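Only one structure is covered here, and it is reproduced in the block below.
Protein chains in written order, with the numbering used here: chain A, 1 to 241; chain B, 1001 to 1241.
Structure follows, in C-alpha cells:
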C-alpha cells in the first residue's frame, strides 16, 4: 500500500465537449503541481493510432499553458532513469492494455510506484487513471494486446472506471456499463469501484481524497446497489478500504 | 489450424429485440444440428450474475424447442470427459474473460478443439463466439478476471467482434467501437476482424463460410478502411487468411 506521501490527480478523461485537449484541466494542473515542479515526464504508451511524438506534442500544449515543461519518456535514453529523476509524472489515455504492457515490459511499474510513494506528483487521465489502480480490471478498453499481468501501479486502494456513463444505444442487447461493473463486483466483492463521469476527477493528498466535477460519481461494491456520491469529500471512505 | 471437418455456428448475440432468449436462433439450430444430434453439451462459464443452473435452464428452452436435449457441463462428474463424449457443444455469452479462464483452468481448450476438428458441431453466441477465435482480443467485455492467456480455441482464422455497433452516446468522449477495432488492427495488422451486428451469425462448414442476417458485417484489417459485406458468401475470404 502506498505511503501517505502520495499525491495523485486522476481524471476521467482528456477532453470536455467543446474544449481543447485537457483544456478543462489546465488550472487544475497548476493548482496540483504548484510552484516546486518545473517539468513533467509524460508517458504516451497508451497511444495506438497516434505517434508518441504527436501524442507528446498534444499533451505539451496544456502543460505549457499551465506553466510546465514536458519531456516524453520515449525521448529519454534510459526510460527507467527518466522515471527515477522525474519531478512529476503524467500518464495519458488511450489503450490501457497497451499502456500496462509497455510499462511492465520496460520495468517501470516498481520505479513509478517508488517515485509516487516518495511524493512525486502523478497525473493520469483515462487509461492513465486506470493504471494507478490495483489492477486494470475496470478499464473500458479492448484487450488488443496481452500484458504480463493485470496488476497495475496500485497507488490507490480502489478501482476507477473512467468515462463512466450508463447511456446505451437504444435496443442494443450488449451489457451496459453498470452491468459490466456489477460483474466485476460479483467476482471481486471486496474491491470498490468508482465510476467517474467525464469532466470529473479525484485528487489524492496522502490519505485524503477529494472528488471534483459537475456530476456525481457512482460507487459500486459487492452486491450493494450502486450509490451516487456528490462532489466533495464523500469518496473519502474509499481510502480506508 | 482446424481441419476441414469443422462445423461452427457463431452468433453475434442471444436475443433480438422483442424476442425470447435465442428465439431467433431455434430454426437455425435445427438446420445446423440436423437429425444426427440428439443432445447438446452446454458450457455456462461466461455467466456471472446468474447461477450456472439458471443459465442452463434458460438455454435449455430454445434447444428443446428445436428438438434437442441439453446437458450442462457443470453437472458432469468429469467436465473433460463430457467434452470428449459430446455430440454437439454450445457455449453461451456473458463475460469472455471469465469464460476463457474457466475453460483454460479446466483443461478444456485442447479437448474442445479436438472435438470440433473431429466434426462435432460447435454453437457459440457472444462470448461463445469470441472464444472460437484465435484470441479474445476483440471482445467487448470488461477484464473482470485474468485468464492465463488471451489465446482461445482458434477454430477459425479470423477475429469476431460480436454485438457490433458504432452507435455512441451523444457527446461521449470515449472510443467508439470502430476506434477500438482499428486499434486492434494497428497492433495486429495481419488479423482481420469481422464486426457482426446483433441478429447476425456466421456458419462454417469445413472451409466454407456463410454470413447470415439482416445487416452487413463490417470487416477491418490493418490500416484499410472498414468494408461492409452483405449477407451471403462475401466473407469467404476470411477462411483463407
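The beta carbon of each residue, even a glycine, is placed where N, CA and C say it ideally should be.
Given the structure is predicted, the values throughout are model-derived calculations rather than measurements.
Which one of the options has the shortest CA to CA distance from residue i?
{"i": "residue 166 of chain A", "options": "A:108, A:72, A:224 and A:180", "result": "A:180"}
{"i": "residue 1236 of chain B", "options": "B:1194, B:1198, B:1222 and B:1199", "result": "B:1194"}
{"i": "residue 1218 of chain B", "options": "B:1163, B:1169, B:1170 and B:1190", "result": "B:1163"}
{"i": "residue 1126 of chain B", "options": "B:1095, B:1030 and B:1174", "result": "B:1095"}
{"i": "residue 1200 of chain B", "options": "B:1215, B:1206 and B:1207", "result": "B:1215"}
{"i": "residue 115 of chain A", "options": "A:101, A:224, A:135 and A:90", "result": "A:90"}
{"i": "residue 1128 of chain B", "options": "B:1104, B:1044 and B:1206", "result": "B:1044"}
{"i": "residue 27 of chain A", "options": "A:227, A:104, A:67 and A:149", "result": "A:67"}
{"i": "residue 9 of chain A", "options": "A:208, A:204, A:224 and A:148", "result": "A:204"}
{"i": "residue 92 of chain A", "options": "A:22, A:75 and A:77", "result": "A:22"}
{"i": "residue 1084 of chain B", "options": "B:1222, B:1040 and B:1224", "result": "B:1040"}
{"i": "residue 1192 of chain B", "options": "B:1135, B:1048, B:1142 and B:1072", "result": "B:1135"}
{"i": "residue 1117 of chain B", "options": "B:1052, B:1240, B:1004 and B:1233", "result": "B:1004"}
{"i": "residue 190 of chain A", "options": "A:230, A:6, A:224 and A:72", "result": "A:224"}
{"i": "residue 1244 of chain B", "options": "B:1208, B:1058 and B:1226", "result": "No answer is possible for residue 1244 of chain B: the residues shown for chain B start at 1001 and end at 1241."}
{"i": "residue 1077 of chain B", "options": "B:1100, B:1038 and B:1106", "result": "B:1106"}
{"i": "residue 188 of chain A", "options": "A:176, A:178 and A:222", "result": "A:222"}
{"i": "residue 65 of chain A", "options": "A:73, A:30, A:229 and A:202", "result": "A:30"}
{"i": "residue 1149 of chain B", "options": "B:1100, B:1176 and B:1175", "result": "B:1100"}
{"i": "residue 1015 of chain B", "options": "B:1058, B:1054, B:1052 and B:1032", "result": "B:1058"}
{"i": "residue 1139 of chain B", "options": "B:1046, B:1239 and B:1038", "result": "B:1046"}
{"i": "residue 1178 of chain B", "options": "A:210, A:178, A:141 and A:72", "result": "A:141"}
Output the boundary residues of the beta strand (DSSP E) element that contains residue i.
{"i": "residue 1161 of chain B", "result": "1159-1164"}
{"i": "residue 69 of chain A", "result": "69-72"}
{"i": "residue 217 of chain A", "result": "217-220"}
{"i": "residue 210 of chain A", "result": "208-212"}
{"i": "residue 195 of chain A", "result": "193-197"}
{"i": "residue 227 of chain A", "result": "227-229"}
{"i": "residue 1041 of chain B", "result": "1039-1043"}
{"i": "residue 10 of chain A", "result": "7-11"}
{"i": "residue 1205 of chain B", "result": "1201-1205"}
Going by the CB atoms, is the gap between residue j and residue i shorter than 8 angstroms?
{"i": "residue 1056 of chain B", "j": "residue 1042 of chain B", "result": "yes"}
{"i": "residue 1123 of chain B", "j": "residue 1088 of chain B", "result": "yes"}
{"i": "residue 156 of chain A", "j": "residue 133 of chain A", "result": "yes"}
{"i": "residue 131 of chain A", "j": "residue 153 of chain A", "result": "yes"}
{"i": "residue 1197 of chain B", "j": "residue 1213 of chain B", "result": "yes"}
{"i": "residue 1063 of chain B", "j": "residue 1137 of chain B", "result": "no"}
{"i": "residue 120 of chain A", "j": "residue 79 of chain A", "result": "no"}
{"i": "residue 48 of chain A", "j": "residue 98 of chain A", "result": "yes"}
{"i": "residue 1246 of chain B", "j": "residue 1147 of chain B", "result": "It is not possible to answer for residue 1246 of chain B, since the shown part of chain B is limited to 1001 through 1241."}
{"i": "residue 1158 of chain B", "j": "residue 1182 of chain B", "result": "no"}
{"i": "residue 1081 of chain B", "j": "residue 1070 of chain B", "result": "no"}
{"i": "residue 1013 of chain B", "j": "residue 19 of chain A", "result": "no"}
How would you call residue i, buried or exposed, if buried means at least 16 neighbouring beta carbons within 10 angstroms?
{"i": "residue 34 of chain A", "result": "exposed"}
{"i": "residue 1161 of chain B", "result": "buried"}
{"i": "residue 17 of chain A", "result": "exposed"}
{"i": "residue 1 of chain A", "result": "For residue 1 of chain A, the predicted structure reports a pLDDT of 49, less than 50, and the residue's modelled location is therefore unreliable. The matter cannot be settled from this model."}
{"i": "residue 206 of chain A", "result": "exposed"}
{"i": "residue 1036 of chain B", "result": "exposed"}
{"i": "residue 176 of chain A", "result": "exposed"}
{"i": "residue 1230 of chain B", "result": "exposed"}
{"i": "residue 208 of chain A", "result": "exposed"}
{"i": "residue 102 of chain A", "result": "buried"}
{"i": "residue 54 of chain A", "result": "exposed"}
Please list the terminal residues of the continuous alpha helix (DSSP H) segment that includes residue i.
{"i": "residue 1018 of chain B", "result": "Counting along the chain, residue 1018 of chain B falls outside any alpha helix (DSSP H), and DSSP gives it neither H nor E."}
{"i": "residue 1092 of chain B", "result": "Premise fails: residue 1092 of chain B is in no alpha helix (DSSP H) and is neither H nor E."}
{"i": "residue 64 of chain A", "result": "52-65"}
{"i": "residue 1181 of chain B", "result": "1177-1187"}
{"i": "residue 1128 of chain B", "result": "1127-1130"}
{"i": "residue 82 of chain A", "result": "79-85"}
{"i": "residue 998 of chain B", "result": "Only positions 1001 to 1241 of chain B appear in the structure, and residue 998 of chain B is not among them; the question remains open."}
{"i": "residue 117 of chain A", "result": "109-117"}
{"i": "residue 1120 of chain B", "result": "Segment: none, residue 1120 of chain B is in no alpha helix (DSSP H) and carries neither H nor E."}
{"i": "residue 1033 of chain B", "result": "1026-1033"}
Chain D beta carbons: is any one of them nearer than 8 angstroms to that of residue i?
{"i": "residue 1105 of chain B", "result": "The structure shown contains no chain D; the protein chains it does contain are A and B."}
Requested in this report: Please list the residues of the region 1127-1144 of chain B that have a C-beta atom closer than 9 angstroms to any C-beta atom in chain A, keeping them in chain order.
Outcome: 1135, 1136, 1137, 1138, 1139, 1140, 1141, 1142, 1143 and 1144
Requested in this report: Give the residues from the region 153-181 of chain A that approach chain B closer than 7 angstroms (Cβ to any Cβ), ordered along the chain.
Outcome: 163, 165, 167, 169, 171, 172, 173, 174 and 180
Query raised in the report: According to a CB-to-CB cut-off of less than 8 angstroms, which residues of the region 1182-1213 of chain B neighbour chain A?
Result: 1182, 1183, 1184, 1186, 1187, 1188 and 1198
Query raised in the report: In the region 44-63 of chain A, which residues sit with their C-beta less than 8 angstroms from some C-beta in chain B, listed in chain order?
Result: 48 and 49
Report task. Pull out every residue of the region 1007-1036 of chain B whose Cβ sits closer than 8 angstroms to any Cβ of chain A, in chain order. Result -> 1013, 1014, 1015, 1016 and 1017
Requested in this report: Compile a chain-ordered list of the residues in the region 64-96 of chain A whose CB is closer than 7 angstroms to at least one CB of chain B.
Outcome: 95
Report task. Could you please tell me which residues of the region 1211-1236 of chain B, in chain order, have their CB closer than 9 angstroms to any CB of chain A? Result -> none
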